[in-house]
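Read the structure below first, then the notes.
In the working numbering, the protein residues as written are 5 to 1045.
Quick look at the structure:
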């Protein structure tokens, strides 16, 4: 069934499309999820299950000219391939409609229904799905209908394959339990009239599975020898663990760190002629460990692991860039294989296989527009978006964005001026009033908003100036102990995380007081940034206060800090109302005497009785969630102290730009390498689904969130779960509970004292519970997209595969809107793919938190994006004014208008999807320089193929516009044989410069009484107009310098 694709081979694209459909792939406008494919001219994108990134085929005629992998989020190519194997997108593949196999499938379905007594009212929807050739949730359980016979994994094993069984009695016991659970589920489904096939048609029972294994050569690993074993086939192996060795290292670590005693032990082993290998978590960890060991006079090499471990050299320490959870000694061979995790702490996960493309920084992302969305035009106000349309104007075809205003008045915006249009987003769901085209109301609103923005920008800059005057203490540079802490981090830092850590350490070691905001989603590694900052401060004998908004978060942070700093000489205490009075008194006394290094607590830390001996760093988590009174106390605490603020709420790019240099900001926008995407299923509500999901999670010692968003029925739901899974420890949490009761339950869940938490959508947004890896959401059709996306984000924070079950009353009775929301969640199942889903809603909240409630009315009147755009421009102009010593005045905005006799747009034949075309136009409108434009040009060619003439013209116009802005030219217009340049009032070009140009042009350039500059054209074609305009602008700008 697999298809082999080779670069340079000939394939008819139309035939390839048919083969993809037969392999279960589905067409999509943009390929982002496994099973998608897209055809755009000579480009075919395919996301095959065999790859961690989708494939892009670039055709020249029928020849595959290029074959490459691309990033599903940025859509940019990341790696060239010579060949690729396309696997089927599904296990269940439909045969061609007119083939005998297609008819057989439906015959088998009818026969099974008759034999097993399925009721027609329960099979009608299933039959409809099969006839319509749909891949519906749970189709895998009807796999026998699609094939005349099924094969197991063992059927594919070669004849000389060897089966290695680790603890065979346990394997047999686990098989028996699994088979019994499958049969029990089948019985329950049958009793509930759910159509299911008998288990023996789908699965091997334990007896058959073990018999299959017995046909293979076996190596069986036992912990000890039993009487029934054939002694002639038993090979005892003496091996030792490193438990005692680890304990010795831990004892010495407090006094001299980890590396000196480790180096002495390794040196001793090598001196005795013994061999030593260390398995490291990743290539980066191997390089770092080599750097740490080399100063201790040890010869260290990094190699790929050999097949023959005894062949290790006896005079070197060999580091392997391959993770092991635990090492071992083989005394008879004089071999020591250590695991880096044993030395530096638990290894939660090794790195994923895929290498991430080197980041160029966060791309500016633009939201899609749908017909009917409210948009804001800078000059004309609020109207309704009606789509993109190409029209012929003066014999030249152009594309326009159409906006309808009150009274059905229409505005046609040229696509090269989309910088003036933004999607309307308010701080609430309340719909704004539309404007009249040409009305005066919008001008009044905009003037008031500009005044408000001006004040905010000045306040931001005053704050910045005040910060520069406060002198802080410079902490010492990082040392060996700090490097040990770095090495004990179980993951490879992401680029964003590494930058944030370096930023914070640079702040701490400078003489300026730190006031840095670190922003990143939950689980993206903000806490590690805080831990390293805290450790650096404690090393210099100063204290650290970590302030969090809730008791639950305090307990969780305390647990994380203790886990990370185990083995280091650091005293950590937690201060909140869950701690007993004697405990609190002891902690407060320890802070005053300097015996407590790090304290983690709620607003209890702000009480008058809490005094620090030498407070050096204040870490604040989610500052916006504290009340006004607490914020005032916080101001007093932060005087003369370095401050690090953490937030999980994203901040919009435009606001980041406004805050640059005003407040130090570090953005962590990449998920850690170990994070896996959450497998998401949409299913009809069924007790059996809940029972199976809870049972499976408990079998791997995990925990479950069950979201039931109706308080009045939540206790009934908890009782049902308890009845379904009697061994589960079930608790209820909802917003109408007393605060103390709710906190107690949440803390118990954090401490793993509860298996299933039946709760409303109040699940703590900042909570990071790695042990909770299943979430079940009932009535998912009633929740918003961003809400479900956030809820799903509560799971999937560890090495375990996480699952989300979205339960609805009936799949076929869902409203169209609910279907689209749930489909979107399935589409963005991949990690990071959900960026667009919840980001706009979260960013609005993130911006609101920073700007404060006083700005909410101003934002509502013009929309969030335009407000932030005005703020960014104002801050930039104010900064420029300050730097140049000029008098501060309101900034002048200018967007040049260009009217040339050439077709400049992206044809629908090039980018067929209107939304993608709109986003490309928006991105072109925001191009800042030639490098950005070149990068976007490369991306367009990469994604859509060679540029057509109209697209090349559009890129030329965008490039020209950058020069027009620099020369402060507001309008460029092509007339009959001439180009007319209209200058803005505030222009850098002096009149005498223009006169010199006119006088030296021999009549080719004229200056009109209205100050327009007229330049002659010889051929009067668009291409010549571009060249002449460039030459004229170059002369103007060179003369101005």
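We treat Cβ as the ideally placed atom computed from N, Cα and C, and that holds for glycine.
Bear in mind the structure is a predicted one, so any value in this text is a computation, not a measurement.
Over what stretch of residues does the beta strand (DSSP E) that includes residue i continue unbroken?
i: residue 400; result: 400-409
i: residue 763; result: 760-763
i: residue 379; result: 378-381
i: residue 901; result: 901-903
i: residue 814; result: Element bounds for residue 814: n/a, residue is neither H nor E.
i: residue 986; result: 982-987
i: residue 476; result: First-last for residue 476: undefined, no H or E at that position.
i: residue 946; result: Residue 946 -> not in any beta strand (DSSP E); alpha helix (DSSP H) instead, spanning 934-948.
Let's see if you can read the secondary structure: which residues bound the alpha helix (DSSP H) around residue i?
i: residue 719; result: 715-728
i: residue 329; result: Careful: residue 329 lies outside any alpha helix (DSSP H) and carries neither H nor E.
i: residue 1095; result: Only positions 5 to 1045 of the chain appear in this structure, which leaves residue 1095 out of reach.
i: residue 556; result: 555-568
i: residue 414; result: Unbroken run through residue 414 is the beta strand (DSSP E), 413-418; no alpha helix (DSSP H).
i: residue 269; result: 263-275
i: residue 751; result: 743-754
i: residue 926; result: 918-929
i: residue 26; result: 17-26
Restricting to Cα atoms, I'd like to know which of the options is closest to residue i.
i: residue 216; options: 446, 203, 621 and 162; result: 162
i: residue 605; options: 573, 623, 619 and 618; result: 623
i: residue 247; options: 276, 342 and 172; result: 342
i: residue 912; options: 537, 718, 904 and 924; result: 924
i: residue 413; options: 384, 395 and 397; result: 384
i: residue 232; options: 767, 316, 282 and 173; result: 173
i: residue 564; options: 602, 546, 541 and 581; result: 602
i: residue 152; options: 405, 953, 111 and 177; result: 111
i: residue 752; options: 424, 640 and 555; result: 555
i: residue 811; options: 691, 75, 443 and 46; result: 691
i: residue 389; options: 408, 401 and 399; result: 408
i: residue 1040; options: 1026, 996, 927 and 1007; result: 996
i: residue 613; options: 599, 620 and 591; result: 591
i: residue 702; options: 491, 672, 739 and 757; result: 757
i: residue 278; options: 321, 308 and 305; result: 321
Here's the rule I'm using: 16 or more other beta-carbon atoms within 10 Å means buried, otherwise exposed. How should residue i be labelled?
i: residue 156; result: exposed
i: residue 473; result: exposed
i: residue 674; result: buried
i: residue 125; result: exposed
i: residue 243; result: exposed
i: residue 626; result: buried
i: residue 727; result: exposed
i: residue 237; result: exposed
i: residue 841; result: Note that residue 841 has pLDDT 40, beneath the 50 cutoff, so the model's placement of it is unreliable and the number below is only indicative. Buried: at least 16 other Cβ atoms inside 10 Å.
i: residue 643; result: exposed
i: residue 171; result: exposed
i: residue 524; result: buried
i: residue 926; result: buried
i: residue 954; result: buried
Which residues in the same chain have their Cβ closer than 6 Å to the Cβ of residue i, if we skip the five residues on either side of it in sequence?
i: residue 99; result: 105 and 106
i: residue 1038; result: none
i: residue 352; result: Only weak support is given to the placement of residue 352: the predicted model assigns it a pLDDT of 42, under 50, and the question is left unresolved by the model.
i: residue 165; result: 220
i: residue 333; result: 244 and 340
i: residue 225; result: 170
i: residue 722; result: 734, 736 and 762
Sorted by chain position, which residues of the same chain lie with C-beta nearer than 7 Å to residue i's C-beta, five sequence neighbours on each side aside?
i: residue 562; result: 576, 578 and 604
i: residue 725; result: 694, 698, 710, 732, 734, 760 and 762
i: residue 194; result: 200
Which residues in the same chain as residue i place their Cβ atom closer than 8 Å to its Cβ, once the five residues preceding and following it in sequence are excluded?
i: residue 345; result: 285, 327, 328, 329, 330, 351 and 494
i: residue 706; result: 775, 776, 777, 778 and 804
Ordered list of beta strand (DSSP E) runs contained in the stretch 677-716, each at least 3 residues: 683-688 and 707-711
Runs of beta strand (DSSP E) wholly within the stretch 119-180 (minimum 3 residues, chain order): 166-170
Completely contained beta strand (DSSP E) runs for the stretch 581-624, where each covers 3 or more residues: 602-605
Within the stretch 279-353, ranges of the beta strand (DSSP E) (whole runs, at least 3 residues): 279-283, 304-306, 321-324, 332-334 and 339-343
Minimum length 3: unbroken beta strand (DSSP E) runs contained in the stretch 75-110: 81-84 and 87-90
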